[in-house]
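K.L.:
After the structure tokens below, expect a handful of questions from me.
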Amino acid sequence: MKTIAPGRVPKTTTNTSSRVLNFRASWLLHLFLLAYALVTLYPLLWLFISSFKSNQEFFGSPFALPSVWQFENYTRAWEIGGIGKAFLNSVIVSVLSLVLTLFLGTLTAFIVSRLNFRFKGFIMMLFVLGMLIPIHSTLVPLFILMKNLGILDTYASLILPYTAFELPIAVFVIAAYLTSVPKELEEAAMIDGNGYWGIFYRIIVPLAVPAMATVSILGFLRFWNDFAFALVFINKQALKTLPLSLSMFSDGYGTDYSLTMAAISIAVIPTIIIYLLFQNQIMKGMVAGAVKG
Numbered sequence: 017m018k019t020i021a022p023g024r025v026p027k028t029t030t031n032t033s034s035r036v037l038n039f040r041a042s043w044l045l046h047l048f049l050l051a052y053a054l055v056t057l058y059p060l061l062w063l064f065i066s067s068f069k070s071n072q073e074f075f076g077s078p079f080a081l082p083s084v085w086q087f088e089n090y091t092r093a094w095e096i097g098g099i100g101k102a103f104l105n106s107v108i109v110s111v112l113s114l115v116l117t118l119f120l121g122t123l124t125a126f127i128v129s130r131l132n133f134r135f136k137g138f139i140m141m142l143f144v145l146g147m148l149i150p151i152h153s154t155l156v157p158l159f160i161l162m163k164n165l166g167i168l169d170t171y172a173s174l175i176l177p178y179t180a181f182e183l184p185i186a187v188f189v190i191a192a193y194l195t196s197v198p199k200e201l202e203e204a205a206m207i208d209g210n211g212y213w214g215i216f217y218r219i220i221v222p223l224a225v226p227a228m229a230t231v232s233i234l235g236f237l238r239f240w241n242d243f244a245f246a247l248v249f250i251n252k253q254a255l256k257t258l259p260l261s262l263s264m265f266s267d268g269y270g271t272d273y274s275l276t277m278a279a280i281s282i283a284v285i286p287t288i289i290i291y292l293l294f295q296n297q298i299m300k301g302m303v304a305g306a307v308k309g
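So the sequence shown is numbered by this note's numbering: it starts at 17 and just counts up by one.
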């Protein structure tokens, strides 16, 4: 029979205790993450539930389920707020701004990350300054500039500022990603007879898709939810975007919260769908440039 020396603990006992501690720690971690997820998702769930209530029920029992589900809130919000036209305007502005941002941002990132030239550091400093400028502090000078150019109350009055303010972030995200791309690929492409445009379209763009997806998600959310620029630069009812259409349900005396919640629910659905489809690309594009390979 084996004897255990005094002061020593059997390995089996130690392993069992370690497994128990790891199981408890994992269980507590999952419990914490579940609680955090519920707290994070509850405002969104509350929004959708409130969109099916009447105004009286919204104030009387804000956290309870509707006694009668008011599905007509969505049809009334769609008609009264002109959600259909506003939805189309938001799609046009957001998509065109995103296409222009991706093209200019990827092209600029390719130049500053793969080529060496004079004033490269100065150009990068300008992009840093672009990220430091408060966006809303430019509303008055931009309004004067667009009035002189005659582009107020047009899609261009939103597309151009959106692209300009999103470019610095796009350049830095995509440039950081492109630093991990081996330069041997460009050399091989040049040997095959490709110029800089061929390298850009055949090598850089396909490889930069994760970073471009990250920029697309962040940019789309910013364009889609913008209110300040649309409020200042757009006065025509036919050009109003979704954030502006939500103000239709409020006046100086009160707000129709049932219709407002329904309209917000309609406006938030596209952002949720796009985020769920491309959420894996966010971290991939953010951290890919951190390690060279």
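We put the beta carbon where it would ideally sit given N, CA and C, even for glycine.
#1: According to DSSP, is residue 271 part of a helix, a strand, or is it coil?
#2: In whole angstroms, what separates the C-alpha of residue 272 from that of residue 281?
#3: For residue 233, report the span of its alpha helix (DSSP H) as first-last.
#4: So is residue 122 buried or exposed if we call it buried at 16+ other beta carbons inside 10 Å?
#5: Unbroken alpha helix (DSSP H) runs of length 4 or more, entirely within the region 141-193: which are they?
#6: Got a sec? Which residues, its chain only, sit under 7 Å from residue 147 by beta carbon, not counting five neighbours each side?
#7: Can you tell me which of the three DSSP states residue 261 falls into?
#8: Nearest-angstrom Cα distance between residue 173 and residue 150?
#9: Starting from residue 101, trace the alpha helix (DSSP H) in both directions and tell me its first and last residue.
#10: Quick check on the DSSP output: the alpha helix (DSSP H) that includes residue 74 runs from which residue to which?
#11: Rounded to a whole number of angstroms, what is the C-alpha to C-alpha distance between residue 160 and residue 170?
#12: By Cβ distance, which residues of its chain are closer than 7 Å to residue 62, with the 5 residues on each side in sequence left out?
#13: Starting from the Cα of residue 116, find the closest Cα among 178, 244, 87 and 131 and give me that residue.
#14: Use the C-beta contact count for residue 308: other C-beta atoms within 10 angstroms, 16 or more gives buried, fewer gives exposed.
#15: In the DSSP assignment, what are the bridge partners of residue 266?
#16: Quick check: residue 113 and residue 239, are their CB atoms within less than 8 Å of each other?
#17: Can you tell me the Cα-Cα spacing of residue 138 and residue 144, whole angstroms?
#18: Indicate whether the contact test is met: 3 or more Cβ pairs, each with one atom in the region 91-103 and one in the region 275-291, closer than 8 Å.
#19: Please check the pair residue 237 and residue 287, which I expect to be a contact at CB under 8 Å, by giving their CB distance rounded to whole angstroms.
#20: Whole angstroms is fine: what's the gap from residue 70's alpha carbon to residue 229's?
#21: Can you list, in chain order, the residues of its chain with a C-beta nearer than 7 Å to that of residue 158? Leave out the 5 residues immediately preceding and following it.
P.N.:
In brief:
#1: The sequence position of residue 271 within the sequence shown is 255, counting from 1. Correct three-state label for residue 271: strand.
#2: Numbered from 1 along the sequence shown, position 256 holds the residue referred to as residue 272. Numbered from 1 along the sequence shown, position 265 holds the residue referred to as residue 281. When rounded, the distance between both Cα atoms is 14 Å.
#3: Working through the sequence shown from its first residue, we reach residue 233 at position 217. Annotation: the continuous alpha helix (DSSP H) that includes residue 233 extends over 225-241.
#4: The residue given as residue 122 occupies position 106 in the sequence shown. Residue 122 is buried by the Cβ-count criterion.
#5: 155-165
#6: By 1-based counting over the sequence shown, the position of residue 147 is 131. Excluding sequence neighbours, residue 147 sits near 184 and 185.
#7: As a first step, residue 261 is located in the sequence shown; it is residue number 245 there, counting from the start. DSSP places residue 261 in helix when its eight states are reduced to three.
#8: Indexing the sequence shown from 1 puts residue 173 at position 157. Indexing the sequence shown from 1 puts residue 150 at position 134. Their Cα atoms are separated by approximately 18 Å.
#9: In the sequence shown, residue 101 corresponds to position 85, counting from 1. 99-130 is the extent of the alpha helix (DSSP H) around residue 101.
#10: As a first step, residue 74 must be located in the sequence shown, where it is residue number 58. Note, residue 74: alpha helix (DSSP H), 71-76.
#11: Indexing the sequence shown from 1 puts residue 160 at position 144. Indexing the sequence shown from 1 puts residue 170 at position 154. Those two C-alpha atoms are separated by around 15 Å.
#12: Locating residue 62 in the sequence shown gives position 46, counting from the first residue. If we look at residue 62 and ignore the five residues flanking it on each side, it has no Cβ neighbours.
#13: Residue numbering aside, residue 116 sits at position 100 when the sequence shown is read from its first letter. The option with the nearest alpha carbon to residue 116 is 178.
#14: Here residue 308 refers to the residue found at position 292 when the sequence shown is read from its first residue. Its pLDDT being 44, under 50, residue 308 is placed unreliably by the model, and nothing is read from it.
#15: As a working mapping, residue 266 is identified with position 250 in the sequence shown. Paired residues: 271.
#16: As a position in the sequence shown, residue 113 is number 97, starting the count at 1. As a position in the sequence shown, residue 239 is number 223, starting the count at 1. It is a contact, given that the beta carbons lie within the stated cut-off.
#17: For the purposes of this step, residue 138 is identified with residue 122 of the sequence shown, where counting begins at 1. For the purposes of this step, residue 144 is identified with residue 128 of the sequence shown, where counting begins at 1. Going by the C-alpha atoms only, they are around 10 Å apart.
#18: Result yes; three or more Cβ-Cβ pairs closer than 8 Å.
#19: Sequence index remark: in the sequence shown, residue 237 carries index 221 (1-based). Sequence index remark: in the sequence shown, residue 287 carries index 271 (1-based). Correct: roughly 6 Å between the Cβ atoms.
#20: For the purposes of this step, residue 70 is taken as residue 54 along the sequence shown, with counting starting at 1. For the purposes of this step, residue 229 is taken as residue 213 along the sequence shown, with counting starting at 1. Their Cα atoms are separated by approximately 40 Å.
#21: Here residue 158 is taken as the residue at index 142 of the sequence shown, counted from 1. Here the set comprises 177.
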